[in-house]
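In our numbering, the protein residues as written are 42 to 404. For each residue, glycine too, the CB sits at the ideal point set by N, CA and C. Worksheet for the structure shown next.
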Ligand SMILES: *Cc1c(COP(=O)(O)O)cnc(C)c1O
């Protein structure tokens with residue numbers, strides 16, 4: 042058997058649309074025809090106020106930090122159990138990052154622990170909140186097509202960022218999207234997106250020349266990237282359906298292990314839908330996880346661990362005293378992601394389940 046951890050899926054239309062972008066439209070710099078189609082897709086399907094495609098989720102997060110005018114001394118609350126970009130985007134602006142621990146039953150940030158971390162300096166919370174007049178930025182990198190009480194993720198925060206990295210459900214190799222749900226940020230977001238110029242307004246005929254009006258960078262991708270991504274988006278229903286089938290098969294097959302207390306499975310709260318981005322096990326110890334990864338690898342199956350707690354990273358500790366966040370550390374040490382991709386067949390999935398069951402039998 043040879044089952045990789047991830048295999049980027051192609052719908053077959055990607056090259057066709059790239060060809061169209063290059064030879065039919067002949068315009069492959071940013072903010073072209075396919076970029077508009079991608080943005081319309083998100084605005085129509087999920088009701089997002091305004092979206093701008095970026096070259097990565099990291100870029101969309103950096104734009105968020107710029108839009109919120111994050112400055113030296115501002116505090117930004119976020120989980121420690123997340124990807125480095127969540128933090129880096131705000132650190133670049135001089136923010137002080139305040140990490141919140143994970144929940145006991147879920148690796149996500151514990152919303153009950155956020156309130157105690159809020160100070161007069163808190164400028165933004167990356168993921169959750171409302172009541173203190175603090176901005177909320179959703180790092181929705183993995184959250185495409187997910188709903189909280191019927192509301193699409195990406196539509197809840199003032200700003201949100203999605204990723205189309207090749208490890209995500211919908212991918213263009215690299216790629217991202219900034220969602221702007223707050224009217225007052227739209228104008229400036231377009232300027233930051235286009236190198237600090239009002240070029241987007243110029244091309245809409247709103248101003249008669251364009252120039253340098255604010256800080257900015259080149260956050261917009263070539264229309265070639267958007268063309269690739271659009272082919273994926275057209276197939277979102279099929280892709281999501283397939284991933285959910287794999288997820289459900291894993292869940293049913295591994296449930297007996299959880300019932301025996303051998304390991305834990307992901308919990309999907311009743312208020313949340315499942316977008317089947319990842320399937321993971323929570324092992325009972327670091328040692329068990331290390332041995333299970335080895336056992337799977339010996340059988341040609343590549344399973345991987347997930348985030349490393351940011352509050353213990355070399356970079357963070359070189360600047361700050363780390364607080365103890367034991368739950369983030371627990372998920373760092375025990376969470377194991379299983380192979381999950383469109384082309385994973387039911388037979389492969391069964392073999393992976395069987396391989397895990399055999400591992401625990403031999404213990
Ligand atoms: C993947 C991921 C990112 C980074 O996305 P890029 O598009 O590679 O920049 C950021 N945050 C989280 C939570 C992610 O999973």
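What is the DSSP secondary structure of residue 135, reduced to helix, strand or coil?
coil
Is DSSP giving residue 342 helix, strand or coil here?
strand
Please confirm whether residue 61 has its beta-carbon closer than 8 Å to some beta-carbon of chain C.
Absence of chain C from the displayed structure is noted, only one protein chain being present.
Could you check how far apart the C-beta atoms of residue 196 and residue 222 are, in whole angstroms? I think they sit under 8 Å.
6 Å
Considering only heavy atoms of ligand 1, does any lie closer than 7 Å to the CB of residue 246?
False, no ligand heavy atom lies under 7 Å from that Cβ.
What residue range is occupied by the uninterrupted beta strand (DSSP E) comprising residue 62?
Careful: residue 62 lies outside any beta strand (DSSP E) and carries neither H nor E.
Which residues have a Cβ closer than 6 Å to any heavy atom of ligand 1, listed in chain order?
97, 98, 99, 123, 124, 126, 127, 180, 182, 183, 204, 206, 217
Could you check where the alpha helix (DSSP H) with residue 79 kicks off and where it finishes?
74-87
Drop a sphere of 10 angstroms on the beta-carbon of residue 104, count the other beta-carbons inside from all chains shown, and report buried for 16 or more, exposed for fewer.
The Cβ neighbour count for residue 104, taken over all protein chains shown within 10 Å, is at least 16; the residue is labelled buried.
Apart from the five residues just before and just after residue 391, which ones in its own chain have a Cβ nearer than 8 Å to its Cβ?
Excluding sequence neighbours, residue 391 sits near 290, 294.
Rounded to the nearest angstrom, how far is the Cβ of residue 50 from that of residue 280, given a contact under 8 Å?
7 Å
Hey, which unbroken runs of the alpha helix (DSSP H) at 4 residues or more fall wholly within the stretch 172-237?
224-234
Expressed to the nearest angstrom, what Euclidean distance is found between the alpha-carbon atoms of residue 169 and residue 143?
Reliability of the predicted coordinates at residue 169 is poor, the pLDDT of 49 falling under 50, and no value is obtained from them.
Count the other C-beta atoms from every protein chain shown that fall within 10 angstroms of the C-beta of residue 135, then say buried if there are 16 or more, exposed otherwise.
exposed
May I have a chain-ordered list of the alpha helix (DSSP H) segments no shorter than 4 residues that lie completely inside the stretch 88-162?
Runs of alpha helix (DSSP H) with 4 or more residues, each lying fully within the stretch 88-162, are found at 98-108, 125-132, listed in chain order.
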